[in-house]
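**Student:**
Numbering (UniProt numbering), first residue to last: 1 to 190.
(1) In whole angstroms, give me the CA-to-CA distance for residue 174 and residue 105.
(2) Skipping 5 residues on each side, what residues in its chain have a beta carbon closer than 7 angstroms to that of residue 126?
(3) Check whether the segment 67-85 touches the segment 119-133, taking contact to mean three or more Cβ pairs, one atom from each stretch, closer than 8 angstroms.
(4) Compare the beta carbon distance of residue 67 and residue 121 with 9 angstroms and say whether it is the shorter of the two.
(5) With DSSP as the reference, please indicate the residues paired to residue 10 in a beta bridge.
(6) Does residue 154 come out as helix, strand or coil in the three-state DSSP assignment?
(7) Restricting to Cα atoms, I'd like to know which of 76, 46, 149, 75 is closest to residue 98.
(8) Leaving aside the five residues before and after residue 115 along the sequence, list all residues of the same chain whose C-beta is less than 7 angstroms from its C-beta, in chain order.
(9) Round the Cβ separation of residue 57 and residue 117 to the nearest angstrom and send it over; I've been treating them as touching at under 8 angstroms.
(10) Per DSSP, which one or two residues make a beta bridge with residue 41?
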């Protein structure tokens, strides 16, 4: 297998408090790999500071473009159920794509931006739609349930219940970044 250096990107994620000497660039076959501050990977925009603002901006932009189609469908006189199905397939799928990865770590401002797509869609459809917080909780529980039922999953041991079998063991977190990630949140919600 040959590596195409022109298509490779390097992103450095470093949260050390002390500024050390800059890392030397990655060189493959005499060519330097480009260093980037953010990168789109599997549909999510990941930043080197692990903030999700760019990802939210991209999601909101894509979802707002789809609202036009909902308005057009409503003007054609389609039923509420058909428009709701289109919303779930076209807009909600964009809003909730990999939501368990990034939603726990976004700011209130970013949550508000995302919900500003759901509210007009709700008015267009004529039916109350669940907020993204509710969808996130549902996806979080669903994913945690799948992991806890699959003994071959690498994180299966994290979902082992305590002897009282009332709840799971909690993970000790020292940083806010880790405490808002998937596993600590999934273990606390049940």
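All residues carry an ideal CB built from backbone N, CA and C; glycine is no exception. Fair warning: this is a prediction, and the values are worked out from it, not measured in the lab.
**Tutor:** Taking the coordinates as given:
(1) Position 174 of the chain shown holds residue 174. Position 105 of the chain shown holds residue 105. Approximately 15 angstroms, taken between the alpha carbons.
(2) Here residue 126 refers to the residue found at position 126 of the chain shown. Once the five neighbours on either side are set aside, the close Cβ partners of residue 126 are 80.
(3) yes
(4) As a position in the chain shown, residue 67 is number 67, starting the count at 1. As a position in the chain shown, residue 121 is number 121, starting the count at 1. Yes.
(5) Here residue 10 refers to the residue found at position 10 of the chain shown. DSSP output for residue 10 lists 35 as bridge partner(s).
(6) The residue given as residue 154 occupies position 154 in the chain shown. Correct three-state label for residue 154: coil.
(7) For the purposes of this step, residue 98 is identified with residue 98 of the chain shown, where counting begins at 1. Checked all of 76, 46, 149, 75; the closest Cα to residue 98 is 46.
(8) Within the chain shown, the letter at position 115 stands for residue 115. Counting only Cβ-Cβ distances below 7 angstroms, and skipping sequence neighbours, we find 131, 132.
(9) Along the chain shown, one-based indexing puts residue 57 at 57. Along the chain shown, one-based indexing puts residue 117 at 117. The Cβ separation is near 12 angstroms, so there is no contact.
(10) Locating residue 41 in the chain shown gives position 41, where the first residue counts as 1. Note: residue 41 sits in a beta bridge opposite 44.
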